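What follows is a single structure, written as structure tokens, with notes after it.
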Amino acid sequence: MGRRRSQSAADRAADELGDLLTLTPWWVGPVIALGAVLSLRFILPPLIALAGEPIGTIFSSVCRQVAPLGGVAVLVIWGIAEVKKFSRRRLLDTRSDLESLRALTWQQFEQLVGESLRRRGYVVQETGGGGADGGVDLRLHREGKTTLVQCKQWRSWKLGVKVVREMFGVMASEAATAGIIVTVGQFTRDAKQFANGKPLELIDGPALLELVKDVQARSHEPGFAIAEATTTTPEQSPPVSFNSPQCPKCGSPMVLRTARKGSNAGSQFFGCSQFPGCRGIVNLESTK
718 MGRRRSQSAA DRAADELGDL LTLTPWWVGP VIALGAVLSL RFILPPLIAL
768 AGEPIGTIFS SVCRQVAPLG GVAVLVIWGI AEVKKFSRRR LLDTRSDLES
818 LRALTWQQFE QLVGESLRRR GYVVQETGGG GADGGVDLRL HREGKTTLVQ
868 CKQWRSWKLG VKVVREMFGV MASEAATAGI IVTVGQFTRD AKQFANGKPL
918 ELIDGPALLE LVKDVQARSH EPGFAIAEAT TTTPEQSPPV SFNSPQCPKC
968 GSPMVLRTAR KGSNAGSQFF GCSQFPGCRG IVNLESTK
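Sequential numbering from 718 applies to the sequence shown in the working numbering.
Below, the structure written as structure tokens:
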């Protein structure tokens, strides 16, 4: 989220706390609020009073008086964070086809991509790259690795190799483990060729829709819990496949999927991102 330079220290602290609470389970907010009240009421006043100065006595009294207000302030920030989390989940759960993805604003598009990846087990930091299609929009964290994500809400354009090259350069400058570029449109052949063999994942419209449907389906599975500030092993939630092969039929990037029916139910394979237009398949074992 972009910050205004004129913000006071208190405003910046409130914004940082709000960002933190969007990454954590719901119960963290009330716990922090309780901790703030106890600290201001019972812990800080005796410590300040130890100074023995008259000013210390005044500050000690002020801390006790503002303790309830501190707790209320944290709860307000927590409530706003919970509303944001709810709106992102609803935004994702109401998408059903490519047209519903194209209808999103660029802010909503970033939120949808972030929520999709959050449900795949990543801790997602929304950076607010500076406006539509500007900079790195998301940073993913999992198992000590960082992945940069750029969201391109271009409804009819094809993304060329320039965008991919620039992203690869940003990855190098920030020493990121991998990168993802997401669009509702398509990528040119040159862009796909440049990304091939690099820790770069190109997710076009059909592949994004497949990802959205996958996490929607997982949300209804028994025992599913949305990952919030936690790590998830690949066995629990398959990660986006950064080194996915190209489709042997059409050359498009492939997506890691899990068979849900038949004798191979539960096994993973690479399926073409252009499905159902293309039904190319690559066995996971053949890529190892």
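Glycine included, C-beta positions come from ideal geometry on N, C-alpha and C.
It should be emphasised that the depicted structure is a prediction, and the values quoted were computed from it without experimental measurement.
Proximity of Val677 and Gly746 at Cβ, strictly below 8 Å: This structure leaves residue 677 out entirely; the chain is present only between 718 and 1005.
Inter-residue Cα distance where the pair is Leu740 and Ser890: Here residue 740 refers to the residue found at position 23 of the sequence shown. Here residue 890 refers to the residue found at position 173 of the sequence shown. Looking at the two C-alpha atoms, the distance is approximately 26 Å.
Every unbroken beta strand (DSSP E) inside the segment 836-922 [3 residues or more]: 840-843, 855-859, 862-869, 895-900, 917-920
Residues of its chain near Ser958, where Cβ-Cβ distance is below 6 Å and the 5 sequence neighbours each way are ignored: What you label residue 958 is simply residue 241 of the sequence shown in a count that begins at 1. Caution is warranted here: a pLDDT of 49 is assigned to Ser958, below 50, making its placement in the model unreliable, and no coordinate value can be reported.
Alpha helix (DSSP H) segment containing Thr741, residue limits: Locating residue 741 in the sequence shown gives position 24, counting from the first residue. No alpha helix (DSSP H) holds Thr741; DSSP gives it neither H nor E.
Classification of Gly796 by the beta-carbon crowding that lies within 10 angstroms, buried from 16 upward: By 1-based counting over the sequence shown, the position of residue 796 is 79. Under this definition Gly796 is an exposed residue.
Sheet register partners of Val999 (DSSP bridge): Position 282 of the sequence shown, counted from the start, is the residue given in the question as residue 999. BP columns for Val999 point to Phe987.
6 Å Cβ shell around Gln842 - same chain, five flanking residues per side excluded: What you label residue 842 is simply residue 125 of the sequence shown in a count that begins at 1. These residues qualify, in order along the chain: Arg856.
Beta-carbon proximity list for Phe904, same chain, < 7 Å, skipping 5 on both sides: As a first step, residue 904 must be located in the sequence shown, where it is residue number 187. So the qualifying residues of the chain are Lys875, Leu876, Leu919, Asp921.
Other residues of its chain near Asp732: CB distance less than 6 Å, five sequence neighbours each side excluded: Residue numbering aside, residue 732 sits at position 15 when the sequence shown is read from its first letter. Taken in chain order, the list of residues that qualify is empty.
Asp931 to Ile898 span [Cα, whole Å]: The residue given as residue 931 occupies position 214 in the sequence shown. The residue given as residue 898 occupies position 181 in the sequence shown. Straight-line Cα distance between these residues: approximately 19 Å.
Element boundaries [beta strand (DSSP E), containing Thr975]: On the sequence shown, position 258 is the one that residue 975 refers to. From DSSP, the beta strand (DSSP E) with Thr975 extends over 971-975.
Contiguous alpha helix (DSSP H) assignments of at least 4 residues, all confined to the segment 726-790: 726-738, 745-755, 761-766
Of the listed residues Ala924, Val881, Arg935, nearest to Lys909 (C-alpha basis): What you label residue 909 is simply residue 192 of the sequence shown in a count that begins at 1. The candidate whose alpha carbon is nearest that of Lys909 is Val881.
Alpha-carbon to alpha-carbon, Val853 and Asp728: If you number the sequence shown from 1, residue 728 lands on position 11. If you number the sequence shown from 1, residue 853 lands on position 136. Roughly 24 Å separates the two Cα atoms.
Range of the contiguous alpha helix (DSSP H) that encloses Leu815: Locating residue 815 in the sequence shown gives position 98, where the first residue counts as 1. Segment 815-819, the alpha helix (DSSP H) holding Leu815.
Gly940 versus Asp814 - alpha carbon distance: Residue 940 sits at position 223 when you count from the first residue of the sequence shown. Residue 814 sits at position 97 when you count from the first residue of the sequence shown. Confidence in Gly940 is poor, its pLDDT being 47 and thus under 50, which makes the residue's placement unreliable; the coordinate value appears in the next sentence. Going by the C-alpha atoms only, they are around 26 Å apart.
Meets three-Cβ-pair contact criterion under 8 Å: the segment 856-870 and the segment 826-845: yes
Supposed contact pair Arg758 and Ala730 - C-beta distance, whole angstroms, cut 8 Å: Along the sequence shown, one-based indexing puts residue 730 at 13. Along the sequence shown, one-based indexing puts residue 758 at 41. Wrong, their Cβ atoms sit about 20 Å apart, outside the cutoff.
Exposure of Ala750, with buried meaning 16 or more beta-carbon neighbours within 10 Å: For the purposes of this step, residue 750 is taken as residue 33 along the sequence shown, with counting starting at 1. Buried: at least 16 other Cβ atoms inside 10 Å.
Beta-carbon gap between Leu917 and Met884 smaller than 8 Å: Numbered from 1 along the sequence shown, position 200 holds the residue referred to as residue 917. Numbered from 1 along the sequence shown, position 167 holds the residue referred to as residue 884. Contact: yes.
Buried or exposed (CB count within 10 angstroms, at least 16 for buried), Ser767: One-based indexing of the sequence shown puts residue 767 at position 50. It is worth fixing the name first, because residue 767 is Leu in this sequence and not Ser. It is exposed - the Cβ of Leu767 has fewer than 16 other Cβ atoms within 10 Å.
8 Å Cβ shell around Ser725 - same chain, five flanking residues per side excluded: For the purposes of this step, residue 725 is taken as the residue at position 8 of the sequence shown. Excluding sequence neighbours, Ser725 sits near nothing in its chain.
Rounded separation between Phe987 and Asn913 - CA only: Working through the sequence shown from its first residue, we reach residue 987 at position 270. Working through the sequence shown from its first residue, we reach residue 913 at position 196. Their Cα atoms are separated by approximately 15 Å.
Local Cβ density within 10 Å of Phe826, reported as buried at 16 or more and exposed below that: Within the sequence shown, the letter at position 109 stands for residue 826. Looking at its Cβ environment, which holds 16 or more other Cβ atoms inside 10 Å, Phe826 is buried.
Reference Leu734, options Arg805, Asn1000, Ile794, closest by Cα: Position 17 of the sequence shown holds residue 734. Residue Ile794 is the option with its Cα nearest to Leu734.
Alpha-carbon to alpha-carbon, Thr822 and Phe803: Along the sequence shown, read from residue 1 onward, the residue named residue 803 stands at position 86. Along the sequence shown, read from residue 1 onward, the residue named residue 822 stands at position 105. Between Phe803 and Thr822, the C-alpha separation is close to 18 Å.
Rounded separation between Met971 and Ala892 - CA only: Sequence index remark: in the sequence shown, residue 971 carries index 254 (1-based). Sequence index remark: in the sequence shown, residue 892 carries index 175 (1-based). In a straight line, the C-alpha of Met971 is about 25 Å away from that of Ala892.
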